[in-house]
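Using my numbering, the first residue of the sequence shown is number 9, and each one after it goes up by one.
Beta carbons: idealized from backbone N, C-alpha and C, even for Gly.
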Amino acid sequence: MPIPPKSVQSVARKALERRRELPPSRRGGTAVGVARARSLANGQNIPIETIKRMTSFFARHDTPAERRNRRNDKNSKASVAWDLWGGNPGRRWAESIVRRLKNA
C-alpha cells in the first residue's frame, strides 16, 4: 500500500485546520472526506481501492464552476472538500498510481 507524499499530507493537514476554523455552515467535506484527510495527513498506507476512489472524487469535482470557486475562495466548501482529498498534489499522486497499475 502506498504512502502519500509529503505534499499530499501537507494539503490534507491544512484542509483539516481550515475546516476546523470555519463556522459549521461554511465547512466543506463529508465524513468520508474528513476521514480521508486524516489518513493522508497522518501519512498512513492508503489501499489501492481508496486511491481509485480518490481519482473518482477528483474526476467528479473537476468542473469549471468548482475550479473557479476553488480559485476564488480558498475557504469555500468546494475548496475545503477538494483539499481534504489531498488537493492537486493528491490528484496527481492518485492518478499516477492508477496509471502505473494499468500499465503493469
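- Apart from the 5 residues on each side of it in sequence, glycine 98 sits with its Cβ closer than 6 Å to the Cβ of Val16 in its chain, given in chain order.
- Residue range 85 to 92 is occupied by the alpha helix (DSSP H) that includes lysine 85.
- Rounded to the nearest whole angstrom, the C-alpha separation of valine 42 and alanine 112 is 31 Å.
- Comparing alpha-carbon positions, the option among Ser47, Pro10 and Ser84 lying closest to alanine 73 turns out to be Ser84.
- Methionine 9 and glutamate 57 have their C-alpha atoms roughly 10 Å apart.
- The beta carbon of glycine 37 lies closer than 7 Å to those of Arg27, Val88, Ala89 and Leu92 in the same chain, with the five residues before and after it left out.
- Our two residues, asparagine 80 and asparagine 96, have alpha carbons roughly 16 Å apart in a direct line.
- Shown here for histidine 69: same chain residues with a beta carbon closer than 8 Å to its own, the five before and five after excluded, namely Ala86, Ala89 and Trp90 in chain order.
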